[in-house]
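Just below is one structure, and these are the notes that go with it.
Protein chains in written order, with my numbering: chain C, 3 to 145; chain S, 32 to 167.
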């Protein structure tokens with residue numbers, strides 16, 4: 003079997019500013035990177051960026067499949083929790099909770115979750131290398 | 032064992048925002064894409080860039096490697112079905128007066144940290160080269 007040809011390409015450049023941080027540039031966007039050995043509060047470090055990429059992948063996945071499934075929703079929130087392991091260096095586990103504000107049936111929520119897992123690029127890239135688990139649940143309506 | 036927590040929220044059909052500590056990052060989660068925010072795949076490359084640049088901060092002092100500046104450029108390829116990152120290539124620039132041999136030594140040490148990414152993206156090939164100076 004021949005492998006499917008790559009379809010999409012991405013470019014990102016990053017520049018060290020000083021020992022405290024760097025900046026990543028892509029298209030017309032910039033992100034300050036916490037590359038400080040001591041860490042810093044006002045920027046994402048590599049692990050947090052990985053978790054943000056995963057969350058973005060899930061939100062975009064929902065954006066993509068919702069119209070196809072005719073899934074009505076008012077909002078999406080994603081909490082991602084990662085545990086780092088030092089030896090060998092890597093992410094030991096990643097757990098997530100996707101909260102969807104919707105009136106759809108529970109079965110339909112399961113269907114949405116299945117689709118998010120199946121079609122997310124970052125999800126599929128990261129899943130084989132770490133213990134990735136999580137849930138997609140209905141968000142309790144705010145008072 | 033270190034733990035990380037990131038909270039993300041869809042704002043509308045054009046995008047969202049990720050929050051952790053006192054930091055925020057705009058997310059390009061719209062179907063059409065947008066120029067002023069990183070999409071999920073671009074964020075993955077940004078995570079990798081941060082990982083490499085932070086590794087330089089960590090490795091350089093232990094090697095007594097002095098440098099003025101560092102920059103890295105990534106190019107990633109995704110496949111359609113199943114949707115996944117297939118290949119990532121990078122060019123790393125280090126502005127330094129150290130010898131070529133020492134520059135390679137730095138690169139070798141950074142490759143150990145590449146492995147931390149390899150444990151995450153198991154089936155994604157990652158390769159790159161190190162150059163002296165600054166990007167064009």
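We treat Cβ as the ideally placed atom computed from N, Cα and C, and that holds for glycine.
Residue i at chain A interface by Cβ criterion, 9 Å
i, result
"residue 135 of chain S", "In the structure shown, chain A does not exist; the protein chains are C and S."
Cut-off 8 Å between Cβ atoms - residues of its own chain near residue i, not counting five sequence neighbours on either side
i, result
"residue 48 of chain S", "39, 40, 42, 55, 56, 57, 58"
"residue 49 of chain C", "84, 86, 93"
"residue 15 of chain C", "26, 27, 28"
"residue 72 of chain S", "107, 109, 116"
"residue 27 of chain S", "Nothing can be reported for residue 27 of chain S, as the shown portion of chain S is limited to 32 through 167."
"residue 64 of chain S", "70"
Collapsed DSSP secondary structure at residue i in the structure displayed
i, result
"residue 80 of chain C", "strand"
"residue 106 of chain S", "strand"
"residue 10 of chain C", "strand"
"residue 153 of chain S", "coil"
"residue 43 of chain S", "strand"
"residue 120 of chain C", "helix"
"residue 116 of chain S", "strand"
"residue 53 of chain C", "helix"
"residue 28 of chain C", "strand"
"residue 114 of chain C", "helix"
"residue 75 of chain C", "coil"
"residue 32 of chain S", "coil"
"residue 165 of chain S", "coil"
"residue 34 of chain C", "strand"
"residue 244 of chain S", "Nothing about residue 244 of chain S can be reported from this structure: the residues present for chain S run from 32 to 167 only."
"residue 159 of chain S", "strand"
"residue 41 of chain C", "coil"
"residue 94 of chain C", "strand"
"residue 122 of chain S", "strand"
Residues of its chain near residue i, where Cβ-Cβ distance is below 6 Å and the 5 sequence neighbours each way are ignored
i, result
"residue 99 of chain S", "126"
"residue 57 of chain C", "80, 82"
"residue 144 of chain S", "86"
"residue 115 of chain C", "138"
Cβ-Cβ separation, residue j to residue i (assumed contact under 8 Å), whole Å
i, j, result
"residue 66 of chain S", "residue 29 of chain C", "5 Å"
"residue 119 of chain S", "residue 138 of chain S", "With a Cβ gap of about 16 Å, residue 119 of chain S and residue 138 of chain S do not count as contacting."
"residue 132 of chain C", "residue 96 of chain C", "5 Å"
"residue 75 of chain C", "residue 103 of chain C", "6 Å"
"residue 22 of chain C", "residue 47 of chain C", "In fact, because the Cβ distance is near 12 Å, the residues do not count as touching under 8 Å."
"residue 121 of chain C", "residue 67 of chain C", "7 Å"
"residue 152 of chain S", "residue 127 of chain C", "5 Å"
"residue 129 of chain S", "residue 97 of chain S", "7 Å"
Own chain partners of residue i with C-beta closer than 7 Å, once the 5 adjacent residues on each side are dropped
i, result
"residue 3 of chain C", "Note that residue 3 of chain C scores 47 on pLDDT, short of 50, meaning its location in the model is unreliable and no value can be drawn from it."
"residue 43 of chain C", "none"
"residue 165 of chain S", "100, 102, 124, 126"
"residue 68 of chain S", "46, 57, 58, 59"
"residue 94 of chain S", "136, 137, 140"
| said: Under 8 Å: do the stretch 74 to 85 of chain S and the stretch 104 to 120 of chain S share three or more Cβ pairs, one atom per stretch? | reply: The stretch 74 to 85 of chain S vs the stretch 104 to 120 of chain S: in contact.
| request: Take every Cβ of the stretch 79 to 92 of chain C, pair it with every Cβ of the stretch 52 to 69 of chain C, and state whether three or more of those distances are shorter than 8 Å. | output: As far as the Cβ criterion goes, the stretch 79 to 92 of chain C touches the stretch 52 to 69 of chain C, which means the pair count is three or higher.
| query | What are the residues of the stretch 105 to 117 of chain S that lie near chain C, defined by any Cβ-Cβ distance shorter than 8 Å? | reply | Taking 8 Å as the Cβ-Cβ cut-off against chain C, the residues of the stretch 105 to 117 of chain S that qualify are 105, 106, 107, 108, 109, 110, 111, 112, 113, 114, 115, 116, 117.
| said: Taking beta-carbon pairs under 7 Å, can you tell me which members of the stretch 114 to 126 of chain C lie near chain S? | reply: Residues of the stretch 114 to 126 of chain C with a C-beta atom less than 7 Å from some C-beta of chain S are 121, 122, 123, 124, 126, listed in chain order.
| Any contact of the stretch 89 to 98 of chain S with the stretch 61 to 68 of chain C, i.e. 3+ C-beta pairs under 8 Å? | Contact between the stretch 89 to 98 of chain S and the stretch 61 to 68 of chain C is absent, because fewer than three Cβ pairs lie under 8 Å.
| request: Output, in sequence order along the chain, the residues in the stretch 11 to 39 of chain C whose CB is closer than 8 Å to any CB in chain S. | output: Within the stretch 11 to 39 of chain C, those residues whose Cβ lies closer than 8 Å to any Cβ of chain S are, in chain order, 11, 12, 13, 14, 15, 16, 17, 18, 21, 24, 26, 28, 29, 30, 31, 33, 34, 35, 36, 37, 38, 39.
| task | Name, going along the chain, the residues of the stretch 61 to 82 of chain C whose beta-carbon falls closer than 7 Å to a beta-carbon of chain S. | result | The stretch 61 to 82 of chain C vs chain S, Cβ under 7 Å: 61, 62, 65, 66, 77, 78, 79, 80, 81, 82.
| Along the stretch 88 to 101 of chain S, what residues have a CB closer than 7 Å to any CB found in chain C? | So the list reads 88, 89, 100, 101, given in the order they occur along the chain.
| task | May I ask you to list, following chain order, the residues of the stretch 41 to 59 of chain S that have a beta carbon less than 8 Å from some beta carbon of chain C? | result | Residues are counted here when their Cβ sits less than 8 Å from a Cβ of chain C; for the stretch 41 to 59 of chain S these are 41, 44, 47, 49, 51, 52, 53, 54, 56, 57, 58, 59, given in chain order.
| request: Closer than 9 Å, Cβ to Cβ, to anything on chain S: give me those residues from the stretch 46 to 58 of chain C, in chain order. | output: Under the 9 Å Cβ criterion, the stretch 46 to 58 of chain C contributes 46, 47, 48, 49, 50, 51, 52, 53, 54, 55, 56, 57, 58.
| Along the stretch 72 to 87 of chain S, what residues have a CB closer than 7 Å to any CB found in chain C? | Answer set for the stretch 72 to 87 of chain S: 72, 73, 74, 75, 76, 77, 78, 80, 81, 82, 84, 85.
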